[in-house]
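Right, one structure below, let's go through it.
In mature numbering (1 follows the signal peptide of the UniProt record, and there is no 0), the protein residues as written are -21 to -1, 1 to 284.
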């Protein structure tokens, strides 16, 4: 057989292989029927759906499936999955894909969400019908035994912690090359640690661009309104304040065309299950949250015993 004939056979074999691969069903082609071997499809849909409806704090990543129970009915089919999610280091305003977001290390106080998610089949696709999650930070007492020097979480409305955020944001705006003035969107985390130089605060917070310039904002801060729509830019900052020293702050600003913060629908806050003392984290709100009150974390009050 000539070399040309051999080359033609190789090319033909490659084409047949490519056509065969193209004809194989993908996840988007598979008809979802709530079968056990399709649980991966369901858990991925649950992870995506929950994050899409999570308005505050950080993105969550699927860790494990813990249980399943399927309904007998077949049209439409329905399955309830017990899954575990862990909080990542990516805030909801961060456009980074979820698979590139790292979950927190134990020394950073992990946050775990145990969720029951109801999945049904809608036109052959997996669809989240309902979910409810119990979101909890890791025990501070256990963390201290393993890492006595690790910072511990503070309530999101801690006065000294919020003061460190305020001064850090002022410093960012003062030193920023951005023409726009940025204001606080929300505090993501505040942790503290005692050092020889005094109490230290480590804060993480999201910021949003306003219609004010950096020059006019100091005299007109109260009237500065957040930018809206496609023109809005968001950012995420980390600050460190040691004792009475000036805070150090670093911020990432995300261009409007790349932002993924879910502002298309109004946020429901606080949500059922958030009224805990102290509110150190943002929980995953249920799909149909019960509104207890409106306002930032410092307005949340316990509703029961």
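Here a beta-carbon is modelled for each residue, glycine too, at the ideal position from N, C-alpha and C.
Practice problem: Could you check which residue in 8, 157, 225 has the C-alpha nearest to that of residue 196? | Solution: The residue given as residue 196 occupies position 217 in the chain shown. For residue 196, the nearest C-alpha among the options comes from 157.
Quiz item: Does DSSP classify residue 27 as helix, strand or coil?
Solution: Residue numbering aside, residue 27 sits at position 48 when the chain shown is read from its first letter. Here residue 27 sits in helix by DSSP.
Self-check item: Residue nearest to residue 130 in terms of C-alpha spacing, selected from 86, 191, 46
Solution: Along the chain shown, one-based indexing puts residue 130 at 151. The shortest C-alpha separation from residue 130 is found at 86.
Quiz item: In angstroms, rounded to a whole number, what distance separates the CA positions of residue 352 and residue 204?
Solution: The displayed coordinates of the chain run from -21 to 284. Any statement about residue 352 would go beyond what the structure contains.
Quiz item: Roughly how many angstroms lie between the CA atoms of residue 210 and residue 187, to the nearest whole one?
Solution: The count along the chain shown starts at 1 and reaches residue 210 at position 231. The count along the chain shown starts at 1 and reaches residue 187 at position 208. Computed Cα separation, rounded: 11 Å.
Exercise. For residue 41, count neighbouring C-beta atoms within 10 Å of its own C-beta (all shown protein chains included) and say buried if the count is 16 or more, exposed if not.
Key: Your numbering for residue 41 matches position 62 in the chain shown. By the neighbour-count criterion, in which a residue is buried when 16 or more other Cβ atoms sit within 10 angstroms of its Cβ, residue 41 is buried.
Quiz item: Near residue 295, which residues of its chain fall below 7 Å by C-beta distance, leaving aside the five closest residues on each side in sequence?
Solution: Residue 295 is absent from the model: the chain starts at -21 and stops at 284.
Exercise. Could you give the DSSP three-state label for residue 92: helix, strand or coil?
Key: Here residue 92 corresponds to residue number 113 of the chain shown, with the count starting at 1. Residue 92: strand per DSSP, three-state reduction.
Self-check item: Candidates 112, 230, 223, 225, of which the one nearest residue 216 by Cα
Solution: Here residue 216 is taken as the residue at index 237 of the chain shown, counted from 1. Ranking 112, 230, 223, 225 by Cα distance to residue 216 puts 230 first.
Quiz item: Straight-line CA distance for residue 143 to residue 58?
Solution: Mapped onto the chain shown, residue 143 falls at position 164. Mapped onto the chain shown, residue 58 falls at position 79. Taking the straight line joining both Cα atoms gives about 46 Å.
Quiz item: Under the rule that 16 or more other beta-carbon atoms within 10 Å means buried, what is residue 137, buried or exposed?
Solution: The residue you call residue 137 lines up with position 158 of the chain shown. With a 10 Å radius around the Cβ and a threshold of 16 neighbouring Cβ atoms, residue 137 comes out buried.
Practice problem: Name the residue from 161, 118, 92 whose alpha carbon lies nearest to the alpha carbon of residue 184. | Solution: The sequence position of residue 184 within the chain shown is 205, counting from 1. Minimum Cα distance to residue 184 is reached at 161.
Exercise. Sort out for me which residues DSSP pairs residue 230 with in a bridge.
Key: Translated into the one-based positions of the chain shown, residue 230 becomes position 251. DSSP lists 216 as partners of residue 230.
Practice problem: Consider the C-beta atom of residue 146 and the heavy atoms of the ligand GTP; say whether any pair is separated by less than 7 Å. | Solution: The ligand GTP is absent from the structure shown, which contains no ligand whatsoever.
Quiz prompt | Same chain, Cβ closer than 6 Å to residue 82, five either side skipped, listed in chain order | solution = The residue given as residue 82 occupies position 103 in the chain shown. Around residue 82: 40, 65, 67.
Quiz item: Taking DSSP as the reference, what is the three-state secondary structure of residue 190?
Solution: In the chain shown, counting from the first residue as 1, residue 190 sits at position 211. Reduced to three states, the DSSP call for residue 190 is strand.
Quiz item: Among 173, 165, 180, 219, which one has its Cα closest to the Cα of residue 35?
Solution: Along the chain shown, one-based indexing puts residue 35 at 56. Nearest option by C-alpha distance: 165.
Quiz item: Looking only at C-alpha atoms, which of 113, 22, 220 sits nearest to residue 141?
Solution: As a working mapping, residue 141 is identified with position 162 in the chain shown. Looking at the Cα atoms, 220 is the closest of the given residues.
Exercise. Compute the beta-carbon to beta-carbon distance between residue 263 and residue 33, rounded to the nearest angstrom, for a pair I have assumed lies under 8 Å.
Key: Sequence index remark: in the chain shown, residue 263 carries index 284 (1-based). Sequence index remark: in the chain shown, residue 33 carries index 54 (1-based). The C-beta distance from residue 263 to residue 33 rounds to 6 Å, short enough to meet the 8 Å contact threshold.
Quiz item: If you run the structure through DSSP and keep just helix, strand and coil, what is residue 121?
Solution: Your numbering for residue 121 matches position 142 in the chain shown. Three-state result, residue 121: helix.
Exercise. With DSSP as the reference, label residue 266 as helix, strand or coil.
Key: If you number the chain shown from 1, residue 266 lands on position 287. Here residue 266 sits in coil by DSSP.
Exercise. Write down the C-beta distance between residue 56 and residue 99 rounded to the nearest angstrom, noting that I regard them as a contact closer than 8 Å.
Key: Here the question's residue 56 lines up with position 77 in the chain shown. Here the question's residue 99 lines up with position 120 in the chain shown. Contact flag correct, Cβ pair sits at about 7 Å.
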